[in-house]
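Structure first, commentary second.
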Amino acid sequence: MRIDKFAAEQTGISRADAKAMIKKRQIIVNGSPVMSGDVHIDPEKDEIIIGGKYINYREHLYIMLNKPAGTVCAVKDELSPTVLELIPPELRRKGLFPAGRLDKDTEGFVFITDDGALAHRMLSPRSHVEKEYEVTLEKPSEDGYKELFASGMTIDRGEKCLPAEIIFTEDRHKVRLIICEGKYHQVKRMMEAAGNRVTFLRRIRIGGLPLDPDLPLGRCREIMHKEVAQIYAKQKQNSPRNF
Ligand code: URA
Numbered sequence: 243m244r245i246d247k248f249a250a251e252q253t254g255i256s257r258a259d260a261k262a263m264i265k266k267r268q269i270i271v272n273g274s275p276v277m278s279g280d281v282h283i284d285p286e287k288d289e290i291i292i293g294g295k296y297i298n299y300r301e302h303l304y305i306m307l308n309k310p311a312g313t314v315c316a317v318k319d320e321l322s323p324t325v326l327e328l329i330p331p332e333l334r335r336k337g338l339f340p341a342g343r344l345d346k347d348t349e350g351f352v353f354i355t356d357d358g359a360l361a362h363r364m365l366s367p368r369s370h371v372e373k374e375y376e377v378t379l380e381k382p383s384e385d386g387y388k389e390l391f392a393s394g395m396t397i398d399r400g401e402k403c404l405p406a407e408i409i410f411t412e413d414r415h416k417v418r419l420i421i422c423e424g425k426y427h428q429v430k431r432m433m434e435a436a437g438n439r440v441t442f443l444r445r446i447r448i449g450g451l452p453l454d455p456d457l458p459l460g461r462c463r464e465i466m467h468k469e470v471a472q473i474y475a476k477q478k479q480n481s482p483r484n485f
């Protein structure tokens, strides 16, 4: 792989910036500054330092973000800050995007990656990857919700949902909801179809991977390979915490 391409992919700088850094002798391969962007490197074997930082090569990057309300799940937005703006410089790289969307006012787990194939699989309705939400309701939940949600409810005018699981908590205004698809405003529309209204929503799990309870709101951390596999692992596990 060309060193200028490698530098752009791994750090998020442009190819032009990479070339400028090469001119300034700021890209070092195996102890020697490279002299040209077309030098070929082996990302698996060579030791590469860019702008003073050792590059720990990963083909793809997987990030868990604890999204705060007020940010949008988009790569670019004219009006609102995007979730990508919350990624710290050491985790930035070309091609990152949020795999799946939370509404602007929803908090919680957003999965960000540059691995299009994995995101596609994860988002495919056929994959049935569970998403678990903490839901605060305007009115107390009713016992009948259990069956209503489990039966595969119809929302709006005829849109059919897959069966979902509702878990009651001690506080009747707070429930957890597990769904395995991602229709537009799905949780809010399901609750409206049940005659209620969502006043607060947080995603706390994707597949078998819970939102890290130590990850503060607005912060990201890298997801390691083992954890990525957890997304597809057998789900139905205990929720990470009460709320
Ligand atoms: N369902 C919603 O209604 N909103 C979200 O942000 C996620 C799921």
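The numbering of the sequence shown is our numbering, which starts it at 243 and goes up by one.
A virtual CB, placed ideally from N, CA and C, is assigned to each residue, including glycine.
Endpoints, the beta strand (DSSP E) within which residue i is located
i      : result
Met306 : Tyr304 to Lys309
Arg431 : From DSSP, Arg431 is part of no beta strand (DSSP E) but of the alpha helix (DSSP H) over Gln428 to Ala435.
Arg444 : Val440 to Ile448
Lys373 : Lys373 to Leu379
Ile329 : Unbroken run through Ile329: none, as it is neither H nor E.
Thr313 : It is not in any beta strand (DSSP E) - Thr313 carries neither H nor E in the DSSP assignment.
Glu349 : Glu349 to Thr355
Simplified DSSP assignment, three categories, for residue i
i      : result
His415 : coil
His362 : helix
Lys388 : helix
Pro482 : Residue placement at Pro482 is flagged as unreliable, the pLDDT there being 48, under the threshold of 50; a coordinate-derived value is accordingly withheld.
His282 : strand
Leu457 : coil
Arg343 : coil
Glu407 : strand
Glu464 : strand
Ser369 : helix
Beta-carbon proximity list for residue i, same chain, < 6 Å, skipping 5 on both sides
i      : result
Ile290 : Val271 and Ile297
His302 : Asp356 and Asp357
Cβ pair residue i, residue j closer than 8 Å
i      : j      : result
Met466 : Val377 : no
Leu419 : Val352 : no
Arg444 : Thr348 : yes
Leu379 : Val317 : no
Arg447 : Asp454 : no
Gly279 : Lys261 : yes
Arg414 : Pro382 : yes
Gly186 : Glu372 : Shown here, the chain extends from 243 to 485; a query on residue 186 therefore has no answer.
Lys336 : Ala392 : no
Ile397 : Ala435 : yes
Arg334 : Thr411 : no
Residue i: CB within 7 Å of a non-hydrogen atom of the ligand URA
i      : result
Lys430 : yes
Thr348 : yes
Leu328 : no
Asp345 : yes
Leu451 : no
His370 : no
Leu500 : Because the chain here runs from 243 to 485, residue 500 falls outside it and cannot be looked at.
Leu365 : no
Leu443 : yes
His362 : no
His235 : It is not possible to answer for residue 235, since the shown part of the chain is limited to 243 through 485.
Contact set for residue i: own chain, Cβ-Cβ below 7 Å, skip 5 residues either direction
i      : result
Asn480 : Confidence in Asn480 is poor, its pLDDT being 48 and thus under 50, which makes the residue's placement unreliable; the coordinate value appears in the next sentence. Counting only Cβ-Cβ distances below 7 Å, and skipping sequence neighbours, we find nothing.
Leu451 : Glu469, Gln472 and Ile473
Pro217 : Past the edges of the chain, shown from 243 to 485, lies residue 217, and the structure says nothing about it.
Gly394 : Lys402, Cys403, Leu404 and Pro405
Ala361 : Ala341 and Thr355
Opening and closing residue of the alpha helix (DSSP H) in which residue i lies
i      : result
Glu469 : His467 to Tyr474
Lys287 : First-last for Lys287: undefined, no H or E at that position.
Arg257 : Arg257 to Lys265
Thr204 : No information on residue 204 is available, as it lies outside the stretch 243 to 485 that the chain covers here.
Residues of its chain near residue i, where Cβ-Cβ distance is below 8 Å and the 5 sequence neighbours each way are ignored
i      : result
Asp284 : Met243
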